[in-house]
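Top to bottom, those sequences are chains A and B. Count along the first sequence from 1, then add 367; that gives the number in the working numbering. Count along the second sequence from 1, then add 24; that gives the number in the working numbering. The beta-carbon is built from N, C-alpha and C at its ideal position, and this holds for glycine as well. To start, the structure itself, in structure tokens.
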Amino acid sequence: MALLLPVLDDAGRRRIDFAAVVRRLAALRAWLASRLVARTGVRLALVQAVAVIIAFAVAGGVAQVAVRLIDQRAVQERVLGEAVSLQDEFVIKGSDHLPYTVNKRSRLWRGFEYRLVGPDGTLRAGRLPPVPAAEGWSKVRDRNADGRSREFLVYSEPLPDGSQMSVGQDLASEARQLAAVRRTLALCGVLGVALCLLASYAFARGVWRRVAAVVAAAHQVSLGRLDVRVAVRSGAPRDDVDELGGAFNVMLEEIGALVGQVRQVSTDIAHDLRTPLTRVRQRLDRLRRASSGNPELLASVERIDADIEEILRTFDSMLRLAEIENGRGMAGPVVADLADIASQVGEAYRPDLEAEGRRFDLRLSPAPVAGDTQLLAQAISNLLENVMRHTPAGTPVRLTVEARDGAAALRVEDGGEGIAPKDHDVVLQRFRRLDPSRSGPGSGLGLPIIAAIARRHGATLGLGDAGPGLRVELVFPAPPRAASPRPEGA
Amino acid sequence: MTAYEPGRGAASSQRVLLIEDEAETTAHVSESLREAGWIVDAAVDGEDGLERASRGEHDVIIVDRMLPRRDGLSLVGELRARRVQTPVLFLTAMGSIADRVAGLEGGGDDYLVKPFSSAELAARVGALARRPAAPAYERTSLQVDDLEVDRLSRTVTRAGRRIEVLPLEYKLLEFLMLNAGRVVTRAMLLEKVWGFHFDPRTNIVETHISRLRAKIDQDGGPPLIVTVRGAGYVVGAV
Chain A
368 MALLLPVLDD AGRRRIDFAA VVRRLAALRA WLASRLVART GVRLALVQAV AVIIAFAVAG
428 GVAQVAVRLI DQRAVQERVL GEAVSLQDEF VIKGSDHLPY TVNKRSRLWR GFEYRLVGPD
488 GTLRAGRLPP VPAAEGWSKV RDRNADGRSR EFLVYSEPLP DGSQMSVGQD LASEARQLAA
548 VRRTLALCGV LGVALCLLAS YAFARGVWRR VAAVVAAAHQ VSLGRLDVRV AVRSGAPRDD
608 VDELGGAFNV MLEEIGALVG QVRQVSTDIA HDLRTPLTRV RQRLDRLRRA SSGNPELLAS
668 VERIDADIEE ILRTFDSMLR LAEIENGRGM AGPVVADLAD IASQVGEAYR PDLEAEGRRF
728 DLRLSPAPVA GDTQLLAQAI SNLLENVMRH TPAGTPVRLT VEARDGAAAL RVEDGGEGIA
788 PKDHDVVLQR FRRLDPSRSG PGSGLGLPII AAIARRHGAT LGLGDAGPGL RVELVFPAPP
848 RAASPRPEGA
Chain B
25 MTAYEPGRGA ASSQRVLLIE DEAETTAHVS ESLREAGWIV DAAVDGEDGL ERASRGEHDV
85 IIVDRMLPRR DGLSLVGELR ARRVQTPVLF LTAMGSIADR VAGLEGGGDD YLVKPFSSAE
145 LAARVGALAR RPAAPAYERT SLQVDDLEVD RLSRTVTRAG RRIEVLPLEY KLLEFLMLNA
205 GRVVTRAMLL EKVWGFHFDP RTNIVETHIS RLRAKIDQDG GPPLIVTVRG AGYVVGAV
């Protein structure tokens, strides 16, 4: 990511666009947050790294204080030793000889600097700048030939002849030592943090992979596949991730068994109810033929037959819903153009819509979708029937299909009264579960079937304001790239 | 409106084999098919049915999915393995899409879910029986009375006068004409013309038929598309 890409401003000068930099940094931060920090392992490693940094900082501070104390003491001892040695020289060789000794030692450079001031205040020997304290310890600073500032720890002492002698040592070496200590500590800190992150990563990577496998399996389950299982290591000592995978698998077994039972019950009900209903219809058929001379009886028979038809339709819708929800009602997904399907369904409904005095607007542009074409056609059909049921005759209807970032979006909008935004959730709920009121014609299963088909295809179902009227929108995920659209047979 | 007589549904001496274990359904199916002019043989279990179907004496075989001794799917699979190509209609309470797909992929030619109306059954059996021998499917021009459909130019003329129809109306009329003299049901039209294997709540078939009628019968001549009460539609009742 080129964070500091210079841009040309109006005057043609190159400058850094700081607003853009901030935006990019924010994006990077968001990316990191979403990709890395969201992982428990990364967060753990970061916390560990911060702990390591704090530990090294504390250790470094303490070490620096200690080193400085030790070092200062050593300097003091050396300076004091040199002062004592010069005192001895003074005692042995006398006041006149001392400047020579001092100059000699100064020339030989034993790490010390000197200042010998006569009783009259004249500098007799040495290069140290004037020392403030006449006796004891002090610090002085000077600037040497190449302009570098030096600091000296100085011990001063009056000599018996009234002159004053100062011996000082350059503290630069001490500063260098401290700097070395700091560098070492910083290096160790960085190494420690790196090791800490590396170790966490190496340890967590395996765990991530295994947790990711559980997440992927859970995702598959949410799409209706109950036959997936998480790989659990055998032999190796079981850890908590194995426990998780094992518990997940046991749960799936249990759900699978329950779903199997429900399916079995559904099939049984289907069979058990269809068979007697078949007989009823057969008898009605016979009755119909026998009553050809009796219009009144014939009309009754027709009414009963229509009622049975309605029962069967509701029953079929319920089985159909169960079938779609548990994934059995789905043919293997093919990539088709949603616009083709919408065109077929839309044209099938056009005469009915127009017979009700509605303007029917079909706006289609190619939009590939992966799924079961029958189910998609049924969803569109249910959406259109929903409009016909809930808006008065004459209300215009619009069916739109378009591609949006490679994903197909389908909208059904009506020009009716619409639904207040605050009620959208309530209506969406009706999509999700059976409508307990189920008034009016039809089984009231149309909306849940649409929702189930959307879920089965990983599509999102949303309601909006078509201004005026209601908009129901299905947005499908983009189909896998490898698959190419296949012509749709009628 | 021309009366439709069920007795003319099948050519004489066409035979159907019914493999069904439930006596009442057998009786009912036999009765309604006999009325439509079929000779009906019945078998009560899978093994018996397989033996009789293998003789190749029948024009259509009706098979229940759940049968004693050998289930319907395996029966048809074995039949096809023995190179018996008689059209098969599955008649079953197992109505899910997956069941339907399994049935059609397993060698069945059509699939009817219980409970069914006898008219639906008769129409589908009739359509299956004529399929292999039907020359209509290869013709380039279809004619009923003075109504003509040219399948190459996809045009419709009545008494020499061109009638403009929409593509979907053409498809609907073509299917009706291909099955001239035979009842086609609403469900058959939904499957074959629209490709819908679900049941729309709205009467889309009825609306399309009435639009088509309005175009074809606009001269006030005899109606060509006839509604068969409780069954479906027929063009040019023989």
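Quick one: Cα of residue i to Cα of residue j, how far?
i: Gly423(A); j: Val626(A); result: One detail in the question is off: residue 423(A) reads as Phe in this sequence, not Gly. One C-alpha to the other measures close to 58 Å.
i: Pro844(A); j: Val548(A); result: 59 Å
i: Glu840(A); j: Leu830(A); result: 6 Å
i: Val469(A); j: Val432(A); result: 34 Å
i: Ala861(A); j: Ala539(A); result: In the structure displayed, chain A extends from 368 to 857; residue 861(A) sits before or after that span and is not available.
i: Met532(A); j: Leu483(A); result: 5 Å
i: Phe264(B); j: Asp639(A); result: There is no way to answer for residue 264(B), as the model of chain B reaches only from 25 to 262.
i: Ala416(A); j: Ala561(A); result: 8 Å
i: Glu480(A); j: Ser567(A); result: 54 Å
i: Asp498(A); j: Val434(A); result: Checking the sequence shown, residue 498(A) turns out to be Val, not Asp. If I take the Cα positions, the gap works out to 26 Å.
i: Glu449(A); j: Asp455(A); result: 10 Å
i: Ser177(B); j: Pro788(A); result: 52 Å
i: Arg655(A); j: Ser56(B); result: 12 Å
Under 7 Å Cβ to Cβ from residue i, same chain only, skipping five residues before and after it: list those, please.
i: Ala500(A); result: Ser523
i: Pro846(A); result: Val702, Pro735, Val736 and Ala737
i: Pro496(A); result: Val507 and Asp509
i: Leu248(B); result: Val168, Asp169, Leu171, Ile240, Asp241, Val259 and Gly260
i: Ser806(A); result: In this prediction, Ser806(A) scores a pLDDT of 45, lower than 50, which makes its location untrustworthy; the coordinate-derived value is nonetheless stated afterwards. Counting only Cβ-Cβ distances below 7 Å, and skipping sequence neighbours, we find nothing.
i: Ser516(A); result: Arg508 and Arg510
i: Leu651(A); result: Val668, Ile671 and Asp672
Is residue i helix, strand or coil when you go by DSSP?
i: Leu475(A); result: helix
i: Trp218(B); result: helix
i: Trp62(B); result: coil
i: Met858(A); result: Lying before the first or after the last residue shown, residue 858(A) is absent from chain A, which here runs from 368 to 857.
i: Asp123(B); result: helix
i: Asp790(A); result: helix
i: Ala770(A); result: strand
i: Val112(B); result: strand
i: Phe843(A); result: coil
i: Gln38(B); result: coil
i: Ala760(A); result: coil
i: Pro815(A); result: helix
i: Gly738(A); result: strand
i: Pro525(A); result: strand
i: Thr226(B); result: coil
i: Arg94(B); result: coil
i: Ala703(A); result: strand
i: Val259(B); result: strand
i: Glu621(A); result: helix
i: Val560(A); result: helix
i: Gly68(B); result: Here the sequence assigns Val to residue 68(B), which means Gly is not the residue at that position. The answer is coil: DSSP assigns Val68(B) none of H, G, I, E or B.
Using CA coordinates, which residue listed in the options is at the minimum distance from residue i?
i: Ile708(A); options: Ala744(A), Val701(A), Ser684(A) and Glu677(A); result: Ala744(A)
i: Val168(B); options: Leu190(B), Pro191(B) and Leu197(B); result: Leu197(B)
i: Glu129(B); options: Gly101(B), Lys138(B) and Ile63(B); result: Gly101(B)
i: Ala770(A); options: Tyr568(A), Arg730(A) and Thr740(A); result: Arg730(A)
i: Gly80(B); options: Arg107(B), Val64(B) and Val87(B); result: Arg107(B)
i: Gly485(A); options: Pro527(A), Gly448(A) and Gln439(A); result: Pro527(A)
i: Glu676(A); options: Leu664(A), Ser589(A), Ser732(A) and Gln649(A); result: Gln649(A)
i: Gly529(A); options: Thr489(A), Arg822(A), Gly514(A) and Glu541(A); result: Thr489(A)
i: Gly623(A); options: Ser589(A), Ala397(A) and Ser684(A); result: Ser589(A)
i: Lys471(A); options: Leu453(A), Asp487(A) and Val458(A); result: Leu453(A)
For residue i versus residue j, is the C-beta distance shorter than 7 Å?
i: Ala204(B); j: Gly260(B); result: yes
i: Val507(A); j: Phe519(A); result: yes
i: Leu688(A); j: Ala819(A); result: yes
i: Gly70(B); j: Leu91(B); result: yes
i: Asp781(A); j: Thr762(A); result: yes
i: Ile121(B); j: Val87(B); result: no
i: Val574(A); j: Val608(A); result: yes
i: Lys138(B); j: Thr681(A); result: no
i: Asp65(B); j: Leu41(B); result: yes
If you drop the 5 nearest sequence neighbours on each side, which residues of the same chain put their C-beta closer than 8 Å to that of residue i?
i: Val207(B); result: Tyr28, Gly33, Ala143, Ala146, Ala147, Gly150, Val252, Ala255, Gly256, Tyr257 and Val258
i: Pro111(B); result: Asp83, Val84, Ile85, Asp133, Asp134, Leu152, Ala153, Arg155 and Pro156
Taking 7 Å as the CB-CB cut-off, is residue i touching chain C?
i: Arg235(B); result: The structure shown contains no chain C; the protein chains it does contain are A and B.
Suppose the cutoff is 6 Å on Cβ atoms and the five residues either side in sequence are ignored; what does the same chain contact list for residue i look like?
i: Arg186(B); result: none
i: Val180(B); result: Val173, Ile187 and Val189
i: Trp214(B); result: Per the sequence shown, residue 214(B) should be read as Leu rather than Trp. Contacts found: Phe220.
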